[in-house]
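Everything below concerns the one structure shown next.
Protein chains: 2
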Amino acid sequence: MNNLTLRQLRYFQALAQHGHFGHAAAMCSISQPAMSVQIRELEENLGVTLFERSARKVRLTPFGDELAVRVRDILGAVDELGELARATAGKVPDRLRIGVIPTVAPYLLPAMVTALTRLNPALDLHVRETQTTGLLRALEQGTLDAAVVALPVSHPAFTEVALCEEDFVLVRPAADADKPVPDGEALRRMRLLLLEEGHCFRDQALAFCAAPANMPRDGLDGSSLTTLVQMVGAGIGVTLIPEMAIGLETGSAPVSVSRFGHPAPKRTIGLIWRRTNPLATQLHTIAEVLGSVSRRD
Amino acid sequence: MNNLTLRQLRYFQALAQHGHFGHAAAMCSISQPAMSVQIRELEENLGVTLFERSARKVRLTPFGDELAVRVRDILGAVDELGELARATAGKVPDRLRIGVIPTVAPYLLPAMVTALTRLNPALDLHVRETQTTGLLRALEQGTLDAAVVALPVSHPAFTEVALCEEDFVLVRPAADADKPVPDGEALRRMRLLLLEEGHCFRDQALAFCAAPANMPRDGLDGSSLTTLVQMVGAGIGVTLIPEMAIGLETGSAPVSVSRFGHPAPKRTIGLIWRRTNPLATQLHTIAEVLGSVSRRD
DNA sequence: TTGGCTTCATAGTTTCAGGTTATGAATAAC
DNA sequence: GTTATTCATAACCTGAAACTATGAAGCCAA
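Those protein sequences? They're chains X and E, same order as listed.
In case it helps, our numbering puts the first sequence at residues 1 to 297.
In case it helps, our numbering puts the second sequence at residues 298 to 594.
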């Protein structure tokens, strides 16, 4: 029968402070009898007398005195909950777990971190880089709050918001710089270096060539765009990379970069999260920030 | 409108633990709708979503997660109140402020402290030594819990309990040891040394002599029994002291101690406290202990 | 001592928070 | 498509807690 009520503790505190039922009641905006009854019930709940009532004075008993200290702490902590909530409401959360696919992470992460930290300087940002399927699973399990992936995901459990579109560009050995730019058809017949299976970027590139995703290929897969570009520089073949990777990847190898004519291959990068995630509002804010970062405006 | 309820916090904790409304409700012995409603109201109170409800999972939001820690602490502190009360109920309080009159304090205090400490080893004992009027005032103001005084006090605001009775004995110069012991009448005509005004022991001695309390006296007052005995040893006169003072006071001066015949003068030492003091039960226990100490049994 | 004043407690009544059961809506699983 | 699971909502009911009115006890002044 531990029916302690916060209300009772509040009244107790008021009475301890005033030493007068009437005044304490007024402070709590209730009538004096209500105060009397609640104090009595508090005493019954605890099985201890908290106040000594004499004709003109209401005094704390020694135990009441001890209790007052603890009650003050408790009520303080409770009120802090409210303050904390108010301070937190609508704000970007202090901890954000975000996933990014490998063909985006290296190029966007630095700017993303900067932008998100500006949004909330106290931000504790956890980033996880892995392929889309891993990210989706993590989202479902609740170990990620959101993920940056290529759209569309088309999964009913997720909300998706586009961040930016970007073309793919052709990377050839430097010597080929002046040759005509092939279209998808022509590309399929060249030695096209691609990421290993599981990367969505691989599938998108194959789609552009109108080739089946499971087309047999003879050991021309790399595990990162960096590797692919280096292989191109070594004259092994050609490859595609997304626009955002140009700056970081093409400086250190003898390769040339060419844009495709229409229709150019491209991908849409987006932010996704569980549709039921109550942080939806804040995630839209975050998406907006990430979008402007990824579009460099 | 900070209507937070302990009940809501308890339900919140249960739900955070189980991640399932039905199970959490069962744990709290309520129906599932009741749980739903209370959680919703908690969220409304705080203005923040605490749980993410998806079809098969109920998950804490990041803020809910943070809240859970604080709530655990708060509920722990609240439950401690109950335990503390139960542990304290009926026990001698941890802090005891007790007053003692000067003609008792030196002789009884050491034994009192020992006995009370045995009653509650954690006892924080405050002793105040002053004359009866000062003690009564302190009791009224609530700065003392109880006082050891000579009975009766006969004040309706106080409860009094007798601890012991003790005779007064006559202290004369050692040379007078074989003279007959005077009665009250005879005593009045001798050079009787007494405590200064305000001491109840002075009044009791004068009463034995059938002398008015305000009888004019020519500079024969001392401020302590020790002083009086030393004066007697110097041959200045005779005095009365209570039995309990014999051991401590008569060793260091050339005086003789004699008991009176019937009716012997005597006093009753008692413990008093505010009638309204809720510690009455414990104070009776304390009185019992002090009584057996003062009677040396 | 008496009558008035202050102050806390008690009683009777009303209101509302919080409980229950019944049912709906959404989604996962078959 | 059908079924099962799970949370939300609705309608209703009960009891906690509020209020007003009144009583009881003690202080104070006449």
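Using N, Cα and C, we set each Cβ at its ideal position, and we do this for glycine too.
Here the structure is a predicted model, which means the values were calculated and not measured.
Simplified DSSP assignment, three categories, for residue i
| i | result |
| --- | --- |
| X:L308 | As shown, chain X starts at 1 and ends at 297. That puts residue 308 of chain X outside it, with no answer to give. |
| E:L303 | helix |
| X:D79 | helix |
| E:M298 | Residue placement at E:M298 is poorly supported in this model, since its pLDDT is 49, which falls under 50; the coordinates are not used for a value here. |
| X:P242 | strand |
| E:S591 | helix |
| E:L580 | helix |
| E:D362 | helix |
| X:A16 | helix |
| X:R95 | strand |
| E:D464 | strand |
| E:L517 | coil |
| E:V526 | helix |
| E:I533 | coil |
| E:G495 | coil |
| X:R274 | strand |
| X:V257 | strand |
| X:R189 | coil |
| E:T547 | coil |
Residue burial classification, residue i (beta-carbon count within 10 angstroms, cutoff 16)
| i | result |
| --- | --- |
| X:P242 | buried |
| X:G47 | exposed |
| E:N574 | buried |
| E:D475 | exposed |
| E:T254 | Outside the modelled stretch of chain E, which goes from 298 to 594, sits residue 254 of chain E, for which no answer is possible. |
| X:P156 | exposed |
| E:E493 | exposed |
| X:E166 | buried |
| E:G548 | exposed |
| E:S520 | exposed |
| X:D79 | exposed |
| X:R274 | buried |
| E:V445 | buried |
| X:Q303 | Only positions 1 to 297 of chain X appear in the structure, and residue 303 of chain X is not among them; the question remains open. |
| X:P110 | exposed |
| X:E83 | exposed |
| E:G361 | buried |
| X:V69 | exposed |
| E:P477 | exposed |
Own chain partners of residue i with C-beta closer than 6 angstroms, once the 5 adjacent residues on each side are dropped
| i | result |
| --- | --- |
| E:R469 | V535, S553 |
| E:R564 | A447, Q501 |
| E:R499 | L491, L492 |
| X:G235 | P173 |
| E:L576 | none |
| X:L220 | L193 |
Contacts around residue i, its chain only, beta-carbon distance under 8 angstroms, and the 5 residues preceding and following it disregarded
| i | result |
| --- | --- |
| X:M1 | Its pLDDT being 48, under 50, X:M1 is placed unreliably in this model, and the value from its coordinates should be taken loosely. Contacts found: N45. |
| X:Q131 | I101, P102, G198, H199, C200 |
| E:I336 | Q305, Y308, F309, L312, F318, L347, F348 |
| E:V529 | V468, R469, P470, L490, V535, T536, A550, V552 |
| E:S328 | A322 |
| E:I583 | V389, L393, L413, L416, A443, L568 |
| E:C506 | G481, E482, L484, R485, L489 |
Residues of its chain near residue i, where Cβ-Cβ distance is below 7 angstroms and the 5 sequence neighbours each way are ignored
| i | result |
| --- | --- |
| X:T117 | L123 |
| X:G332 | What the structure shows of chain X is the stretch from 1 to 297, and residue 332 of chain X is not part of that stretch, so it cannot be assessed. |
| X:V71 | L9, F12, Q13 |
| X:A211 | R188 |
| X:A105 | E129 |
Enumerated in chain order, which unbroken segments of the alpha helix (DSSP H) with a length of 4 residues or greater are wholly contained in the region 395-461 of chain E? Segments of the alpha helix (DSSP H) lying fully in the region 395-461 of chain E: 402-416, 429-438.
Check distances from the C-beta atoms of the region 262-289 of chain X to those of chain E and list, in chain order, the residues that come in under 9 angstroms. Per Cβ criterion, the list reads R274, R275, T276, N277, P278, L279.
Residues within the region 126-139 of chain X neighbouring chain E, beta-carbon criterion of under 8 angstroms: Correct list: empty, as no residue qualifies.
Quick one, which residues of the region 31-59 of chain X are near chain E if we go by CB-CB under 9 angstroms, in chain order? For the region 31-59 of chain X, which is checked against every Cβ of chain E, the residues closer than 9 angstroms are N45, L46, G47, V48, T49, L50, F51, E52, R53, S54, A55, K57, R59.
Residues in the region 14-30 of chain X having any Cβ partner in chain E nearer than 7 angstroms: Closer than 7 angstroms at the C-beta level to chain E, one finds no residue of the region 14-30 of chain X.
Give me the subset of the region 99-122 of chain X whose CB atoms are less than 7 angstroms from a CB atom of chain E, sorted by chain position. For the region 99-122 of chain X, which is checked against every Cβ of chain E, not one residue is closer than 7 angstroms.
At a Cβ cut of 7 angstroms, what residues of the region 446-458 of chain E count as close to chain X, listed as they run along the chain? Look at the region 446-458 of chain E: it has no residue with a C-beta under 7 angstroms from a C-beta of chain X.
Start-end ranges of the alpha helix (DSSP H) lying completely within the region 28-67 of chain X, minimum 4 residues: Runs found: 32-46.
Closer than 9 angstroms between beta carbons: that is the criterion. Which residues of the region 465-482 of chain E meet it against chain X? So the list is empty, because no residue satisfies the distance condition.
Could you name the residues of the region 363-383 of chain E whose beta carbon sits closer than 8 angstroms to any beta carbon of chain X, in the order they occur along the chain? Cβ contacts with chain X come from E363, L364, R367, V368, D370, I371, A374, V375, D376, E377, L378, G379, L381, A382, R383.
For the region 230-253 of chain X, which residues have a CB atom closer than 8 angstroms to at least one CB atom of chain E, in sequence order? Hits within the stretch: zero.
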